[in-house]
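Enquirer: Residues 178 to 369, numbered by my numbering, are exactly what the sequence shown covers, in order.
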Amino acid sequence: MLALAEIFYTVQGEGTWTGTPAVFVRLAGCNLNCRFCDTDYALKFFATVEQVTARVRELGAACPMVVLTGGEPLAQAESSALVAALQADGRRVHIESNGSVPVELPPQTWLTVSPKERLHPLMAARADEIKLIVDGRVPLEWLDAFPRREVTVFLQPEGNKPANVALALAAAKAAPERLRLSLQTHKFIGIP
Ligand code: SF4
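#1: Short check: CB of Q333 to CB of E191, under 8 Å?
#2: What residue from V280, F213, C240, G336 has the CA that sits closest to L263's CA?
#3: Do the CB positions of L251 and V278 come within less than 8 Å of each other?
#4: For the beta strand (DSSP E) containing V311, list its first residue and its last residue.
#5: Taking a cut-off of 6 Å, which residues have a beta-carbon closer than that to any heavy atom of the ligand SF4, in chain order?
#6: What residue range is occupied by the uninterrupted alpha helix (DSSP H) comprising P241?
#7: List the endpoints of the continuous alpha helix (DSSP H) containing P339.
#8: For the candidate residues R357, C207, N210, A182, whose alpha-carbon lies nearest to that of F201?
#9: List the DSSP bridge partners of W287.
#10: Taking R295 as the reference, give the member of I310, L282, W319, V188 with the closest Cα.
#11: Quick check: the Cα distance between G313 and L360, rounded to an integer number of angstroms?
#12: So, using beta-carbon positions, are L204 and L236 closer together than 8 Å?
Structure (structure tokens):
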């Protein structure tokens, strides 16, 4: 059984896939406790893998992209079964993880890693994109833990706050080969 916070159809607002329609499956709970966390990942309901897959089909119809987010989606024992079921149903599965829980993922799975308190080397090596949260400082020290230099690194200002935007922008301009600014575009237009 999976513990869930919400399932909704929207567009991806951040990173490489910004603007792409996607069904978001927010799994409940997190194994970390970041002070700046503003995500409501509290448990709202339980569902089986089959029920979640059916709900994604119902909401997203022909939408190919599904984002598993949280909380920490990979902290749940049945997360791999959910990935497999969604992929068998024809969905392109993206996962937004803090990278602290080591899980083997099928190669066609897109993995966004946003490191917080700790990072597992397996997930650092697997990341398809890296998202660093800028909250009063730019935590570039995390980059040493990611072995693949070709992976895009997004700097995302916490809360879209002007001071954090200025810090992220300055850092990106200072290292334009490696860094990009990522804004939470969905918040500008008031959608989840
Ligand atoms: S890892 Fe992400 S979801 Fe978990 S507490 Fe930190 S910011 Fe919130």
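Ideal Cβ placement from N, Cα and C applies to all residues, glycine included. A quick note: this is a predicted structure, and the numbers were derived from the prediction, not measured.
Expert: On the basis of the supplied data:
#1: In contact: Q333 and E191 (Cβ atoms closer than 8 Å).
#2: For L263, the closest of V280, F213, C240, G336 by C-alpha to C-alpha distance is C240.
#3: Their beta carbons are under 8 Å apart, which means L251 touches V278 by this criterion.
#4: Taken as a continuous stretch (DSSP letters only), the beta strand (DSSP E) holding V311 covers 306-311.
#5: Output, sorted by chain position: C207, L209, N210, C211, C214, T216, Y218, G247, G248, E249, N275, K293.
#6: It is not in any alpha helix (DSSP H) - P241 carries neither H nor E in the DSSP assignment.
#7: Its alpha helix (DSSP H) spans residues 339-351.
#8: Of the candidates R357, C207, N210, A182, the one whose C-alpha sits nearest the C-alpha of F201 is A182.
#9: DSSP, once it has assigned bridges, lists H271 as partnering W287.
#10: Considering only alpha carbons, the answer is W319.
#11: Taking the straight line joining both Cα atoms gives about 16 Å.
#12: No, these two residues do not count as a Cβ contact at 8 Å.
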